[in-house]
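Single-structure report; data block below.
In the numbering used here, the protein residues as written are 54 to 429.
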C-alpha cells in the first residue's frame, strides 16, 4: 500500500458492544465496555495485514484478523501534534488553530481549549478510569485533568532515545536492560541503531511492562477503563534491539520505484523540510525557503531525516543507505508489533477480550524515499 503523505494505518477491533448509551445515564459497569487504545507514531500501512510482503507483524496481523480493518483511513494533518489533537478532540486542525509544535501554538491551544471536551476527559467524566502510557498527546501537550492518573510519558524527549553502546561493552546480555539509554540533541543522534539489548532496555519495552501491570490492576477495579498506550517507534531515530534487525535481509526490490517529486505539483504541496530549517542552521547550512525549483526541493526534501547523524544534509541518499533506513524502519515496526502483542496477550490472559474495544491507530504515515520524500 503506497505511503501517502496523509495516510494513517488504522485498525479497530470491535470486540464488544459499542459506546452507545455512555452519555445516556447507563450506569452498570457490565453495559460499558473497556477501551484499549494503541497509538503507533509515524506508522505507515507497512503491515502484513495490509498486504505488505516484507513486514513481519504477526501480532497486529492477528488483531486485524478478528477486527474491522480500515483500508482508506486518512489523518487530518501529517504532523504529530495537530493530528493527535484532532483525534483526541474531534476537531479539525483549522478549528483548533494548531499546525506546528511551536511554544506559541502550545500556549494558544492551552489558553483557548483548556476546558474543551476531549476523549480522555469525556471518558473520565462518564465514570471511566482513564490512564495513558507513552505518546498519546504530543509530548508536553497534555492538559491537567484529562486523565485519572498522571500520564507516564518517560523522560523529556524520550523519542530521541539511543543506546549507550560504550556502556554496553562487556556487559552480559541479561544485564543490559539496566544500562541507561541516552537522550541527546536531534543532530547528535544516529538515524539508525541496532543495539544488542533486550526489549526492555528501550523505552517502548519498559513502558509496555508498566502498561501490562496497570492492565492487570484495572481488570480488578470497579470501573470500566480507557487505557491508552502510545509507542514512539517507528518514529526517528530508528532504534530497535538488534534481534528485530536480524529478521530482515534487504535487497534492491525494497527501493522505491518513483523517486521524483510529483509532476506539476506546487513545491509547497510536497516539500516538507521548512520546519527543520533551524536544525540546518545549527550545522551551518541555509535551507532554501522556498526552493527555487523541483530539483532543489528534492535535494533538500526530508530534512527531518537529514537532521540526524549519518544522513547527508542535502542531495541524493545512496541506495545502500536507503536500504539501511528501510531495514531500520521495518525493525522498529516489528519491535512495536512485539510490544503491542504483549498488551494484547495480557488482555487475553485476563479474559477481557469480550468486554473490551481495541483500537489501533497511527497519527500519520511516513515516506521512505517515495517521490523524493523522507518524512511524514
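Think of the CB as a built atom: it goes at the ideal place given N, C-alpha and C, for glycine as much as any other residue.
What separation, rounded to the nearest whole angstrom, lies between the Cα atoms of residue i and residue j?
i: residue 57; j: residue 205; result: Residue placement at residue 57 cannot be trusted, given a pLDDT of 32 that sits under 50; what the coordinates show is reported in the next sentence. One C-alpha to the other measures close to 31 angstroms.
i: residue 320; j: residue 255; result: 38 angstroms
i: residue 294; j: residue 259; result: 13 angstroms
i: residue 302; j: residue 375; result: 13 angstroms
i: residue 80; j: residue 175; result: Confidence is the limiting factor: at residue 80 the pLDDT is only 42, short of 50, which leaves the residue's position unreliable and the question unanswerable from this model.
i: residue 271; j: residue 282; result: 14 angstroms
i: residue 397; j: residue 358; result: 32 angstroms
i: residue 82; j: residue 288; result: Model confidence at residue 82 stands at a pLDDT of 47, short of 50, so the residue's coordinates are unreliable; what they give is reported in the following sentence. Between residue 82 and residue 288, the C-alpha separation is close to 37 angstroms.
i: residue 266; j: residue 223; result: 31 angstroms
i: residue 87; j: residue 236; result: 35 angstroms
i: residue 146; j: residue 220; result: 43 angstroms
i: residue 298; j: residue 381; result: 7 angstroms
Relative to the alpha-carbon of residue i, which residue among the options has its alpha-carbon at the smallest distance?
i: residue 2; options: 352, 367 and 129; result: Residue 2 lies beyond the residue range present for the chain, which begins at 54 and ends at 429; the question has no answer from this structure.
i: residue 139; options: 91, 318 and 172; result: 172
i: residue 136; options: 124, 150 and 236; result: 150
i: residue 416; options: 422, 409 and 429; result: 429
i: residue 207; options: 275, 153, 422 and 257; result: 257
i: residue 198; options: 161, 212, 318 and 177; result: 177
i: residue 250; options: 350, 337, 386 and 233; result: 233
i: residue 362; options: 373, 242, 318 and 285; result: 242
i: residue 216; options: 161, 186 and 290; result: 290
If residue i sits next to residue j, beta carbons under 8 angstroms apart, how far is it from one beta carbon to the other, in whole angstroms?
i: residue 325; j: residue 240; result: Not confirmed; about 18 angstroms, so no contact.
i: residue 108; j: residue 99; result: 5 angstroms
i: residue 426; j: residue 355; result: 6 angstroms
i: residue 423; j: residue 344; result: The pair is not a contact, with the Cβ atoms about 18 angstroms apart (cut-off 8 angstroms).
i: residue 131; j: residue 247; result: In fact, because the Cβ distance is near 27 angstroms, the residues do not count as touching under 8 angstroms.
i: residue 421; j: residue 379; result: 5 angstroms
Using the beta-carbon count (16 or more within 10 Å), is residue i buried or exposed?
i: residue 226; result: exposed
i: residue 334; result: exposed
i: residue 305; result: exposed
i: residue 322; result: exposed
i: residue 401; result: exposed
i: residue 148; result: exposed
i: residue 188; result: buried
i: residue 165; result: exposed
i: residue 274; result: exposed
Counting Cβ pairs, one atom from each stretch, are 3 or more of them under 8 angstroms apart for the segment 389-396 and the segment 110-122?
yes
Touch check for the segment 117-129 and the segment 157-165: three-plus C-beta pairs under 8 angstroms?
No: fewer than three Cβ pairs fall under 8 angstroms.
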